[in-house]
Amino acid sequence: MINFSRRNFLQGVGFSLASLYMWNHQATTAYGKTLAESNTRKLAFLVGINHYAHGDSLHGCVTDVELQRQLLIHRFGFFPEDIVVLTDKQATRENILTAFQEHLCLQANANDVVVFHFSGYGRQVKLFSSDDNRNLVDSLVVYDSLRSDSEFSHPFVDDILLDTLVKLAESLKTTKYTLVLDTSFIPSPLTIRNKLSLRSYDFQPNLIISEKEQDFYQKLVKSNSNSIIKNNQNKSLQGLILSPSQDSISVEINSLNFKSGLFTYNLTQSLWQEFPSTANLALMKNIASQMALYHGNKEKIDFTTDNKSDVLSYHLPLEVNNRGSAIVTKIIESNVIELELLGLPLLVLSNYCLNSCFRVDNDEQFVVVQINSLQGNKAKGIVIQGDKNLLKINTVLQEYIRVINQDTGLNIALNDTLEKIEKVDATSALSVIDNVVSISNIGETFADCILDKLTSEDGNIDGYGLYSPTGVLYPNTTPQSPHEAVSTAVKRLTKPLKTTLASKLFNLTYNQYSSTLPVNIALEITHDNISSTHSKYTFNSKLNKPHESANVHPDNLLINIPLGSQFTININNETEKNLYYLLLGINSSREAIAYFSPHSTLISPQDKISIPENASPLKWIVNAGKGIGELIIIVSKFSFENTLKNIDKMIEMKKDMEQIIILENPELVAKSILQDIHQNSDINPQLFNNYNDIYALNMNNWATFRYVYEIN
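Note that the sequence shown ends on residue 724 in the working numbering; no numbers are left out.
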């Protein structure tokens, strides 16, 4: 290993930081407690590689480490000088291993916290052992380990073994380490048949890990075996790894102005918004549910914990005043503020519009900043209320008014497997469908869904289907007869497209963490006389800690609902005023549904309601078959006049009984929800350009909760 001055090394590569996750199956103590210790030093080392010496480039890895840097400095109190970052050509094998040892291993003491983050390619290579057996092993692809075509005659590569990284972490004097790996090791699954930005490099069967990497790993094994006995007493926490699981995929967000790892964005966004009392298991469940919305199936996350312990295994000491959606990065003359939007849900960020507002609201100040320039997650705004001088750099702001265009529709990508004539026909057929606003080639932007062909085992084209943004086939979108034309397929897919748009619009109202309404809800599931409860609450709720059922297993972080289960939903109004509610969803058959009651949808002050109202619980969630579903609960200060009128028009409804209905025009219902929130937001129209063309949604007036579940 090369020797050099740590000071010169740090000056040469710059500073940055990282995030969190679990490796050891025995980890049971709260990670957050370590951050709260006054004598704890926090060290971080981030690696992000977009551009390699050779081979295909990625797009969002450098953004990942920027997101982590902001998070750790401003949400967790890391000092910038204790954070090292390597990007692109700096991230060679030698530099990464040296920085890990120089910055982390040599400096971290027993009570210190260490964070390492890697965003880049992963792959599987062969391990050439002394007995001539070759086995596939997981490795991290570093800047200089991808070769040009002329170099493939030499099979040895200078990747860093995943096992090497783990052994380096285990060699730290502290066990309070966290490894974040936004990468994937397995070759692309068959379900991912398109050219998404996958972080699993194409499998090349003849590649062998270099001898020096194998030797380095063996030295670590020997060194650890000699020192681990001396350092094994009174360890409060084993190491953490946070990553998509090794048999899952890692994909990138590719929108026009913002590129990031899907996993990293959901992780950092969640941590910006989560409440101080949030435990690690609750955090992982939140991330898993967000990932499932984009994957269209259950995409696993590596996470293990000791369910027998009364202490949740991961507790983040999140400061109340540093929870929010944006941070002030610069204050300019003429009342202009520069912001980074860090805590918005991904779907909201990608559909955010100018004139949206953020606020600082505490005992000392009430300041409102309105956005007048936005590119990706970088924004500029002006102070429209309060004193600009009260704002400081690094001030965290909460979302106040969310602005969404009324013409928000579907962005559809055409997979590269389609021939040119197929794309022409598909574009022509899609362009006449209402609410389709964008048709692009895959990879040009982060689409709401993908149109792709279905190929039989003999290679013949059976037709076309609709896929999730990460390439998973949606239920009930396969052709009814073989050899259909693409124009015929588009007509057949009109209803699934409406459901996809409805799901998008439902989720654009999601604001559990930004809403100021004091509300909490509980989903109770019963199967074979065994019950589990899943609670959610807003920041102003009196429910300090949500109750999560003890039988939730971290190997399945989504809510698991066996076929035949019954459920009850309790909505608690903690305000002194009447509230109103809506219950909607997308079931596991990809149908939009809504709950209807012949009685009032009102919840009296300091009261609660239960759904269903009758003694026999409804089974509407589980009637659609196995798969992923969404449950949306919206609570507001106002009645949903437009929405209820649209639901009331459903011909098949029985007006005198409690029921679940399938929405034939779900996009109309979804738009009416946005219209109802907009009309009752109590804001000055003069503050907004083109007020009649937008939805301006005031966070004080409603709260949307979301459950993502799996029927099995």
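Don't be surprised by glycine CBs; every beta carbon is placed ideally from N, CA and C.
For residue i, report the span of its alpha helix (DSSP H) as first-last.
| i | result |
| --- | --- |
| glutamate 106 | 105 to 111 |
| lysine 548 | It is not in any alpha helix (DSSP H) - lysine 548 instead sits in the beta strand (DSSP E) that spans 542 to 549. |
| threonine 190 | First-last for threonine 190: 189 to 194, but that is the beta strand (DSSP E), not the alpha helix (DSSP H). |
| asparagine 278 | 274 to 285 |
| threonine 506 | 506 to 519 |
| aspartate 688 | 678 to 691 |
| leucine 73 | Sequence check: residue 73 is cysteine here, not leucine. Residues 73 to 88. |
| lysine 297 | 292 to 307 |
| isoleucine 659 | 653 to 660 |
| aspartate 437 | 432 to 442 |
Leaving out five residues on either side along the sequence, give the residues of the same chain with a beta carbon under 7 Å from the beta carbon of residue i.
| i | result |
| --- | --- |
| threonine 587 | Leu529, Pro530 and Pro617 |
| alanine 391 | Leu351, Leu353, Ile383 and Ser385 |
| lysine 179 | Tyr229, Leu232, Val233 and Asn236 |
| lysine 683 | Leu517 |
| serine 301 | Leu570 and Val720 |
| threonine 512 | Leu422, Asp460 and Cys461 |
| lysine 101 | Tyr155 |
| glutamine 418 | Asp705, Ile706 and Tyr707 |
Starting from residue i, trace the beta strand (DSSP E) both ways and give me its first and last residue.
| i | result |
| --- | --- |
| serine 255 | 252 to 256 |
| leucine 386 | 378 to 387 |
| glycine 597 | 591 to 598 |
| lysine 554 | Run containing lysine 554: none; DSSP gives neither H nor E here. |
| arginine 414 | 408 to 417 |
| isoleucine 674 | 671 to 674 |
| glycine 393 | 390 to 397 |
Around the C-beta of residue i, are 16 or more other C-beta atoms found within 10 angstroms, so that it is buried, or is it exposed?
| i | result |
| --- | --- |
| aspartate 76 | buried |
| methionine 711 | buried |
| glutamate 679 | buried |
| isoleucine 241 | In this predicted model, isoleucine 241 has a pLDDT of only 40, less than 50, meaning its place in the structure is not dependable; the value taken from the coordinates is given anyway. With fewer than 16 Cβ atoms within 10 Å of its Cβ, isoleucine 241 is classed as exposed. |
| tryptophan 35 | Low local confidence applies: a pLDDT of 31 at tryptophan 35 is under 50, so the model's placement there is unreliable, with the coordinate-based value given in what follows. Buried, since its Cβ has 16 or more Cβ neighbours within 10 Å. |
| leucine 591 | buried |
| histidine 86 | buried |
| proline 256 | buried |
| asparagine 563 | Low local confidence applies: a pLDDT of 44 at asparagine 563 is under 50, so the model's placement there is unreliable, with the coordinate-based value given in what follows. Classification of asparagine 563: exposed, given that the 10 Å Cβ count is below 16. |
| aspartate 464 | buried |
| lysine 271 | buried |
| isoleucine 542 | exposed |
| proline 624 | buried |
| threonine 538 | exposed |
| lysine 138 | buried |
| valine 444 | exposed |
| glutamate 106 | exposed |
| lysine 188 | buried |
| proline 494 | exposed |
What's the C-alpha gap between residue i and residue j?
| i | j | result |
| --- | --- | --- |
| lysine 638 | proline 574 | 9 Å |
| leucine 535 | asparagine 582 | 7 Å |
| threonine 280 | tyrosine 721 | 22 Å |
| alanine 65 | arginine 159 | 7 Å |
| leucine 184 | aspartate 124 | 10 Å |
| cysteine 117 | aspartate 170 | 22 Å |
| methionine 662 | lysine 404 | 52 Å |
| serine 196 | isoleucine 61 | 14 Å |
| alanine 425 | leucine 509 | 13 Å |
| asparagine 626 | lysine 667 | 16 Å |
| serine 142 | aspartate 227 | At serine 142, the pLDDT of 47 sits below 50, so the modelled position is not reliable and the matter cannot be decided from this model. |
| valine 436 | lysine 342 | 46 Å |
| leucine 70 | asparagine 585 | 47 Å |
| lysine 297 | asparagine 278 | 11 Å |
| asparagine 724 | glycine 576 | 10 Å |
| glutamine 410 | phenylalanine 370 | 5 Å |
| threonine 439 | isoleucine 451 | 7 Å |
For residue i, collect the residues of the same chain with a Cβ closer than 6 Å to its Cβ; drop the 5 residues on either side in sequence, then sort them by chain order.
| i | result |
| --- | --- |
| glycine 24 | The predicted model places glycine 24 with a pLDDT of 41, which falls under 50 and marks its position as unreliable; any figure quoted below should be read in that light. There are no such residues. |
| alanine 441 | Ser499 and Val502 |
| threonine 716 | Thr521, Tyr522, Asn523 and Ile646 |
| lysine 649 | Asn713 |
Nearer than 6 Å: is that true of the beta carbon of residue i relative to any heavy atom of the ligand PLP?
| i | result |
| --- | --- |
| isoleucine 172 | Among the components modelled here there is no ligand, and therefore nothing to report on the ligand PLP. |
Quick one: what's got a C-beta closer than 8 Å to residue i's C-beta in the same chain, skipping five residues either side?
| i | result |
| --- | --- |
| serine 601 | Pro487, Asn488, Ala636, Gly637 and Gly639 |
| lysine 589 | Pro617 and Lys649 |
| tyrosine 703 | Pro697 |
| threonine 186 | Ala120, Asn121, Ala122, Asn123, Asp124, Val125 and Val126 |
Is any beta-carbon of chain B found at less than 7 Å from that of residue i?
| i | result |
| --- | --- |
| leucine 430 | Chain labels in this structure do not include chain B; a single protein chain is all it has. |
In chain order, each alpha helix (DSSP H) run of at least 4 residues that lies wholly inside the region 123 to 184: 174 to 182
Length at least 4, wholly inside the region 330 to 380: the alpha helix (DSSP H) runs in chain order: DSSP runs (the alpha helix (DSSP H)) wholly in the region 330 to 380: 358 to 362.
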